[in-house]
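Here is the structure we will look at.
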Amino acid sequence: MKQLIAVLAVSGLASTALGDARARVFHASPDAPNVDVYVNDGLAFGNLAFGLSTAYASLPGADYNFKVRPAGLDNPVVIDADASLASGVDYTIAAIGTLGGGTLAPLILIDDNSLNADFARVRFVHASPDAPAVDIAVQGGPVLFSSIAFADFGNYLNVGPGSYDLEVRVAGTTNVVLSLAGITFDANTVYTVWALGFAASPGGPGLSAAITVDAVIPAPGAIGLLAAAGLLAARRRR
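Under my numbering, the first residue of the sequence shown is numbered 910, with each subsequent residue one higher.
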């Protein structure tokens, strides 16, 4: 069944660029195999594994059809969705939910990849299909994101550069369901923290976190532009 992707906007500028849209895909379905992603029926990203992101790809601002299939197969089409991408805007299209439960669906986010010279910029996306709403807190410190439910996100925060021990807690409680020790955030860098996997379901990947580096200023002399590479920076499991 074809779906119309709902675009979840975030505050602030999505991009300072005036050119093409940029889109990447994040595989967040814990029971789905590696997948191929097609844009207007052409293969765009191949063999994407759970918990990983593609790099951003540039596309002219326009209407597009996105299809997701098990890697190397023509059928079944597990996601078939249409979306309008605007020029100069960055997007993350996440495959969330479960294949076995029939809830696999796209979640499209507008990415604000503007940089701050003094802070890291961090957001949180809840993509664990059976986990309750959660808070993200610094161990012994403040709560950064409150009461984020599955398929929802916490908007960008400015976070001082440094190393943090983070906790994922059941919302409104001190019950820690996942500990993330030694997470480093750098200034002039944009991150997305993802909650992934199953909180309770046996036989699948357990509750975990992934952190994507969405935008960063490359070191002088670096080969290639690292900005918005969408690389997996950290992944922690209980």
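Idealized CB from N, CA, C, for every residue including glycine. A quick note: this is a predicted structure, and the numbers were derived from the prediction, not measured.
Just to check my reading of the structure: residue i and residue j have Cβ atoms closer than 8 Å, yes? What is that Cβ distance to the nearest angstrom?
| i | j | result |
| --- | --- | --- |
| A966 | A932 | 6 Å |
| F1033 | V1102 | 5 Å |
| V998 | F1094 | That belief does not hold up - the Cβ atoms of V998 and F1094 are roughly 24 Å apart, past 8 Å. |
| I1017 | A992 | 6 Å |
| F935 | T1001 | 6 Å |
| S1056 | D1039 | Not quite, the Cβ-Cβ distance comes to about 17 Å (not below 8 Å), so this is no contact. |
In three-state terms, what does DSSP make of residue i?
| i | result |
| --- | --- |
| G1148 | Absent from the structure is residue 1148, since the part of the chain shown begins at 910 and ends at 1147. |
| A1014 | strand |
| Y973 | strand |
| V919 | Confidence at V919 is low in this model, with a pLDDT of 35, below 50, so its placement is unreliable and no value can be given for it. |
| A1142 | Its pLDDT being 32, under 50, A1142 is placed unreliably in this model, and the value from its coordinates should be taken loosely. Strand, per DSSP. |
| G928 | coil |
| G1091 | strand |
| A1124 | strand |
| D999 | strand |
| F935 | strand |
| A1131 | Its pLDDT being 38, under 50, A1131 is placed unreliably by the model, and the measurement read from it follows with that caveat. DSSP places A1131 in coil when its eight states are reduced to three. |
| F1059 | coil |
What does DSSP give as the partner residue(s) for residue i in the beta ladder?
| i | result |
| --- | --- |
| L1053 | The partner list for L1053 (beta bridge, DSSP) is empty, contrary to what the question assumes. |
| N1067 | R1030 |
| A1104 | H1035, A1118 |
| D940 | Paired residues: none, contrary to the question. |
| T1007 | Bridge partners of T1007: none, in fact. |
With distance defined between alpha-carbon atoms, name the residue in the options nearest to residue i.
| i | options | result |
| --- | --- | --- |
| A1096 | A1108, V1086, A958, A1124 | A1124 |
| S1023 | G981, N1067, G1010 | N1067 |
| A1090 | L982, S962, V1077 | V1077 |
| A1108 | P1041, P985, S1072 | P1041 |
| H1035 | N1084, N949, S1117 | S1117 |
| G928 | I1092, P969, G1011, G1071 | P969 |
| A930 | P1111, D1027, S996, A958 | S996 |
Practice task
Could you tell me which uninterrupted beta strand (DSSP E) segments, each at least 3 residues in length, are contained entirely in the stretch 949 to 994, listed from first to last along the chain?
Solution key: If you keep only unbroken beta strand (DSSP E) runs of at least 3 residues inside the stretch 949 to 994, you get 951 to 957, 966 to 968, 971 to 979, 988 to 994.
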